[in-house]
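*Asks:* Mind having a look at this structure? Questions to follow.
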Amino acid sequence: MRFRTKGKETSKTKQSNEQPILSNVETTVDYIKEEFKDSSDLIFRKINVGKRHAYLIYIDGLVDSNRIELHAIEQLFKDLDDQRLDAEMIEEKIVSINSVSESTTLTDTINQILDGNTVLIVDTFDKAIVIDAKGATKRSVGEPDSESVIRGPREGFTEAIRVNTSLIRQKIHSSNLKVLSRKIGTETKTSVAIMYMENLAPPELVKEVLARLDKIEIDGILESGYIEELIEDSPFSFFPQIQNTERPDTAAANLLEGRVCIVVDGTPFVLILPVSFWQFIQASEDYYQRFHISIFLRLLRTVLLFLALLMPAFYVAVTTFHQEMVPTTLLLSIAASREAIPFPVLVEALIMELAFEALREAGIRLPKVIGQAVSILGALVIGQAAVEAGIVSAPMVIVVSLTGIASFTIPRFNMAISIRLLRFPMLILAGTFGLFGVVIGSIVLLTHLCRLRSFGVPYFSPLSPLDWSELKDVFIRVPWWEMDRRPEQFVKENTVRKAKSFKPYSEKKKS
Numbered sequence: 001m002r003f004r005t006k007g008k009e010t011s012k013t014k015q016s017n018e019q020p021i022l023s024n025v026e027t028t029v030d031y032i033k034e035e036f037k038d039s040s041d042l043i044f045r046k047i048n049v050g051k052r053h054a055y056l057i058y059i060d061g062l063v064d065s066n067r068i069e070l071h072a073i074e075q076l077f078k079d080l081d082d083q084r085l086d087a088e089m090i091e092e093k094i095v096s097i098n099s100v101s102e103s104t105t106l107t108d109t110i111n112q113i114l115d116g117n118t119v120l121i122v123d124t125f126d127k128a129i130v131i132d133a134k135g136a137t138k139r140s141v142g143e144p145d146s147e148s149v150i151r152g153p154r155e156g157f158t159e160a161i162r163v164n165t166s167l168i169r170q171k172i173h174s175s176n177l178k179v180l181s182r183k184i185g186t187e188t189k190t191s192v193a194i195m196y197m198e199n200l201a202p203p204e205l206v207k208e209v210l211a212r213l214d215k216i217e218i219d220g221i222l223e224s225g226y227i228e229e230l231i232e233d234s235p236f237s238f239f240p241q242i243q244n245t246e247r248p249d250t251a252a253a254n255l256l257e258g259r260v261c262i263v264v265d266g267t268p269f270v271l272i273l274p275v276s277f278w279q280f281i282q283a284s285e286d287y288y289q290r291f292h293i294s295i296f297l298r299l300l301r302t303v304l305l306f307l308a309l310l311m312p313a314f315y316v317a318v319t320t321f322h323q324e325m326v327p328t329t330l331l332l333s334i335a336a337s338r339e340a341i342p343f344p345v346l347v348e349a350l351i352m353e354l355a356f357e358a359l360r361e362a363g364i365r366l367p368k369v370i371g372q373a374v375s376i377l378g379a380l381v382i383g384q385a386a387v388e389a390g391i392v393s394a395p396m397v398i399v400v401s402l403t404g405i406a407s408f409t410i411p412r413f414n415m416a417i418s419i420r421l422l423r424f425p426m427l428i429l430a431g432t433f434g435l436f437g438v439v440i441g442s443i444v445l446l447t448h449l450c451r452l453r454s455f456g457v458p459y460f461s462p463l464s465p466l467d468w469s470e471l472k473d474v475f476i477r478v479p480w481w482e483m484d485r486r487p488e489q490f491v492k493e494n495t496v497r498k499a500k501s502f503k504p505y506s507e508k509k510k511s
């Protein structure tokens, strides 16, 4: 991480930053050239506005040159009344661009150029005209790779911040949706948008988010993960306290429940806060399928989450310390398969788990065309070869494989990888103390989860502290006609989301 360091500034730089735009165009341009010294992509185009010298200044590649040519330069070459020419005339009558503003200081002018705007400096004008003609290359909206669904919208966020905010606005057509802007990073000056529903999000939550963002002092923000790590409550915890998503519908749904979204320029991952533990085992598709299917899938994911965390540890503890818990026939089968194995069960489990994680990481880093094939074939070949060589037993291969499959069912990658990491200390506790170690580790883990906070909201809520009324959208998802209130741990006022008098069609027909 690269935190900001205060370097020495030359007197010339200080002077240029503090000075306003000078009426002498050549002097102002000289200052800007000095600031962008050795920058070959900065374009200075000298033109005449009436009888006055002027410069169009922009960074090549960040602006749409066709828009500049058609809507700015052609208009500026028209016959003008030089006696009445001023900045207001250019803004209102000459430059036919949607967004035109003014800059009065050199610092602001330089920042506007770095933001991808075009700056027009005219001789005898004590201000610069900022023309919004951004045209940097952008990736088109496509289906998100990390959150694929069978049923639901197929659009995902891109790396352009305004595209992302507009995708959310397309979902929520309300003036209550507010967007606040910040610039973070002394060198990158990354644009960050804070989005929230004014009538739903608690004001103290919005203030806290803004306060934490304003305290960040770092040279650059290249991805939303930087911000996530700098503003979360407990950075040393294994568990993520901020959710990230590539899906506009997921962001919109959380905004409607009173949460805050942070959109960072240059990344398709939008941050959602505050969150609870249970949000990480819920998929957006749960709300699009019929509630019977959603209930089954959520219960299945919950069971598999515990299997992904505890299954190898339980196997090691039982086979090492508590053989009396295993049926005799199964115990004899396990003993026979381990007869020629030179390692203890704990070492055997660690070898297989590390090999499985290595294969999974290799499959991700390799090109997509061969990555999946390599990971699957590698697991089959290595597992079979290890069993035949007598390095590991067949039951251990089955346990590790089932554990890996279980971890794949967790919808959120940051929670899935946290469970994968915690599997190793649980294994060591099981191999050292048996089931007592598993129980001790589970108690420590649950205590930690109950103590965690995400922007003041208990991380394990609504299970701890227990709120029966909020459990209808945790392990299960009740039908939509029963979800008439928003989560009260996030929204304190305006909690009603559906009219109580509304009933499904079948109920109306009976009445």
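Be aware that the sequence shown starts at 1, since it is given in the UniProt record's numbering, and climbs by one per residue.
Glycine included, every Cβ here is placed at the ideal spot set by N, Cα and C.
Bear in mind that the values here come from a model prediction, so they are computed numbers and not experimental data.
How about M195 and L255: are their beta carbons less than 8 Å apart?
*Replies:* Their beta carbons are under 8 Å apart, which means M195 touches L255 by this criterion.
*Asks:* Give me, in chain order, the residues of the same chain whose beta-carbon lies closer than 7 Å to that of T495; leave out the 5 immediate sequence neighbours on both sides.
*Replies:* Only R485, R486, E488 meet the Cβ criterion.
*Asks:* Considering only residues of the same chain and omitting the five flanking positions on each side of T322, which have a CB-CB separation below 7 Å?
*Replies:* The question names Thr, yet the displayed sequence has His at residue 322. Excluding sequence neighbours, H322 sits near G434, L435.
*Asks:* Decide if the segment 465-480 is in contact with the segment 347-367; the criterion is three or more beta carbon pairs, one per stretch, under 8 Å apart.
*Replies:* The segment 465-480 is not in contact with the segment 347-367.
*Asks:* If you compare alpha carbons, which of D123, S276, A336 is closest to G50?
*Replies:* Taking only the C-alpha atoms, the option nearest G50 is D123.
*Asks:* Am I right that L222 and G156 are in contact with their C-beta atoms under 8 Å? What's the rounded C-beta distance?
*Replies:* 19 Å between Cβ atoms; not a contact.
*Asks:* Where does the unbroken beta strand (DSSP E) through H71 begin, and where does it stop?
*Replies:* From DSSP, H71 is part of no beta strand (DSSP E); its letter is neither H nor E.
*Asks:* In three-state DSSP terms, what is T190?
*Replies:* DSSP places T190 in strand when its eight states are reduced to three.
*Asks:* What are the uninterrupted segments assigned as alpha helix (DSSP H) that are 4 or more residues long and contained completely in the segment 407-474, given in chain order?
*Replies:* Within the segment 407-474, the complete alpha helix (DSSP H) runs of at least 4 residues are 413-433, 435-451.
*Asks:* For F36, which residues from the same chain have a beta carbon less than 7 Å from its beta carbon, with the 5 sequence-adjacent residues on both sides left out?
*Replies:* Hits under 7 Å: L42.
*Asks:* Taking only runs that begin and end inside the segment 201-227, name each unbroken alpha helix (DSSP H) of 4 or more residues, in chain order.
*Replies:* Within the segment 201-227, the complete alpha helix (DSSP H) runs of at least 4 residues are 203-214.
*Asks:* What three-state label does DSSP hand I405 in the structure shown?
*Replies:* DSSP places I405 in helix when its eight states are reduced to three.
*Asks:* Under the rule that 16 or more other beta-carbon atoms within 10 Å means buried, what is R290, buried or exposed?
*Replies:* Result: exposed.
*Asks:* From I295 to N66, what does the alpha carbon distance come to, in whole angstroms?
*Replies:* Answer to the nearest angstrom: the Cα atoms are 54 Å apart.
*Asks:* Give me the Cα-Cα distance between V100 and S191, rounded to the nearest whole angstrom.
*Replies:* Using only the alpha carbons, I get a separation of about 19 Å.
*Asks:* Checking 8 Å against the spacing of the C-beta atoms, do Y459 and Q241 come in under that value?
*Replies:* Their beta carbons are under 8 Å apart, which means Y459 touches Q241 by this criterion.
*Asks:* Which residues bound the alpha helix (DSSP H) around R154?
*Replies:* No alpha helix (DSSP H) holds R154; DSSP gives it neither H nor E.
*Asks:* If you follow the beta strand (DSSP E) that Q243 is part of, which residue opens it and which one closes it?
*Replies:* Its beta strand (DSSP E) spans residues 243-245.
*Asks:* Taking V130 as the reference, give the member of L114, P144, E246 with the closest Cα.
*Replies:* Residue L114 is the option with its Cα nearest to V130.
*Asks:* Just reading off the alpha helix (DSSP H) that L350 is part of, what are its end residues?
*Replies:* Here the alpha helix (DSSP H) through L350 covers 345-365.
*Asks:* Distance, Cα to Cα, T10 vs L106?
*Replies:* Residue placement at T10 is flagged as unreliable, the pLDDT there being 38, under the threshold of 50; a coordinate-derived value is accordingly withheld.
*Asks:* List the endpoints of the continuous alpha helix (DSSP H) containing N111.
*Replies:* First-last of the alpha helix (DSSP H) with N111: 106-114.
*Asks:* Which one or two residues does DSSP pair with T118 in a beta bridge?
*Replies:* Answer is I131, bridged to T118.
*Asks:* What residue does the alpha helix (DSSP H) around T164 start on, and which one ends it?
*Replies:* Per the sequence shown, the amino acid found at residue 164 is Asn instead of Thr. Element bounds for N164: 161-171.
*Asks:* Would A430 and V316 qualify as a contact pair, given that the criterion is a beta-carbon distance under 8 Å?
*Replies:* Cβ atoms of A430 and V316: closer than 8 Å.
*Asks:* In this structure, does DSSP put I272 in helix, strand or coil?
*Replies:* DSSP places I272 in strand when its eight states are reduced to three.
*Asks:* Return the residue from the list G142, I150, L167, A72 that minimises the CA-CA distance to I121.
*Replies:* Per the Cα distances, A72.
*Asks:* Could you tell me whether the segment 339-348 touches the segment 381-394, using the rule of 3 or more Cβ pairs below 8 Å?
*Replies:* Taking 8 Å as the limit for Cβ pairs, the verdict is that the segment 381-394 does touch the segment 339-348.
*Asks:* Who are the Cβ neighbours of T188 in its own chain at under 8 Å, not counting the five residues just before and after it?
*Replies:* These residues qualify, in order along the chain: D219, G220, I221, L222.
*Asks:* Going by beta-carbon coordinates alone, are S284 and R259 separated by less than 8 Å?
*Replies:* No; because the gap between Cβ atoms is not below 8 Å, this pair is not in contact.
*Asks:* Determine, using beta carbons only, whether T124 comes closer than 8 Å to chain C.
*Replies:* Reference to chain C is not applicable here, since this structure consists of a single protein chain.
*Asks:* Assuming I440 contacts L305 under a Cβ cut-off of 8 Å, what Cβ separation, rounded to an integer in Å, is found between them?
*Replies:* The pair is not a contact, with the Cβ atoms about 20 Å apart (cut-off 8 Å).
*Asks:* Measure from the alpha carbon of I184 to the alpha carbon of each residue in S224, K171, P203, then state which is nearest.
*Replies:* That would be S224, whose Cα lies nearest to the Cα of I184.
*Asks:* Indicate whether S454 and P344 have their beta-carbon atoms separated by less than 8 Å.
*Replies:* Contact flag unset, no.
*Asks:* Going by Cα to Cα distance, which pick from D64, E208, Y287, C450 is closest to I476?
*Replies:* The candidate whose alpha carbon is nearest that of I476 is Y287.
*Asks:* I need the DSSP call for V141, collapsed to helix, strand or coil.
*Replies:* In the structure shown, V141 sits in coil (DSSP, three-state: anything other than H, G, I, E or B).
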